[in-house]
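In our numbering, the protein residues as written are 2 to 206.
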Amino acid sequence: MKVFAAAAFALMGSAAAFAPAPLKSSTSLSMGLSDMPGSTAPLKNFDPLGLATLGSESTLAWFRAAELKHSRVAMLATTGYLVQAAGIHFPGMLSHDISFESLSTMKPLDAWSAVPDEGKAQIYFTILLAEIITEAKGTHYTKGGDLPTIVFPPIDFSEVDPAVLAKKQDRELNNGRLAMISIMSFCAAANIPGSVPALDGNPMF
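In structure tokens, the structure reads:
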């Protein structure tokens, strides 16, 4: 995806290239919002819709896995959008008639539209493959297993001090939540003029 392609390639990390650590859950599910990373100030246990109590503990684990994956994708997407907007690009050709340099002159969403369908299919397949790998590893997180981890490169966090790991998990989720707001704002600004006043007039939106 443009040099957003950079972000796409990073998705080989299971949409987790920015993830410092996976949440390690117990082998038997037993958790609530207060027991999970990401419950931090200023909105500790923020859950206005009561989603944490919507179903079982397996449901809560599924929600957390979805939040992690969306957070990681959003961090990649936000970084990719900013990299593209800054004109940074790979050398060489994306396809026989499209260079990375030509894509770098376009707005990020326009650059994505210019990527050949075959290239988009490869990116989608890579994301699908990473998703299958993370969902098929060991005991599933809805049954007490680990939440989605990094596919590539594999990183072992087992020796990290638990207190340090907890802080990193909090930071990952908080950064991911901000990134989700950011990329939604970028897309809104690019498609609905004036929808994001802070980005109004910016040539990349």
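A virtual CB, placed ideally from N, CA and C, is assigned to each residue, including glycine.
The criterion of a C-beta distance shorter than 8 Å is satisfied by residue 73 and residue 177. Going by DSSP, residue 99 is part of no alpha helix (DSSP H) at all; its letter is neither H nor E. For residue 197, same chain residues with a beta-carbon under 7 Å away, outside a window of 5 residues either side, are 186, 189 and 190 in chain order. About 4 Å separates the Cβ atoms of residue 75 and residue 181, confirming a contact at the 8 Å cut-off. Residue 166 sits away from residue 39, with the two beta carbons spaced by 8 Å or more.
A contact is defined here as three or more CB-CB pairs under 8 Å, and the segment 82 to 91 fails this definition with respect to the segment 59 to 66. By the neighbour-count definition (other C-beta atoms within 10 Å, threshold 16), residue 77 is a buried residue.
With a cutoff of 8 Å on beta-carbon distance, residue 59 and residue 143 are scored as near each other. Residue state for residue 94 is assigned as strand, using DSSP reduced to three classes.
Inclusion of residue 120 and residue 96 in the CB contact set at 8 Å is warranted, their separation being smaller than that value. Straight through space, the alpha carbons of residue 170 and residue 158 are spaced by roughly 11 Å.
For residue 46, the three-state secondary structure derived from DSSP is coil. When the beta-carbon positions are compared, residue 148 and residue 69 come within less than 8 Å of each other. About 18 Å separates the Cβ atoms of residue 79 and residue 193, ruling out a contact at the 8 Å cut-off.
The straight-line gap separating the alpha-carbon atoms of residue 47 and residue 56 is approximately 17 Å. Within the same chain, Cβ atoms closer than 6 Å to the Cβ of residue 200 are found at 190 and 206, the five residues on either side in sequence being excluded. According to the DSSP assignment, residue 177 belongs to the alpha helix (DSSP H) that extends over 163 to 192. Taking every protein chain shown into account, the CB of residue 204 has fewer than 16 other CB atoms within 10 angstroms, so this residue is exposed.
For residue 71, the enclosing alpha helix (DSSP H) starts and ends at 58 to 86.
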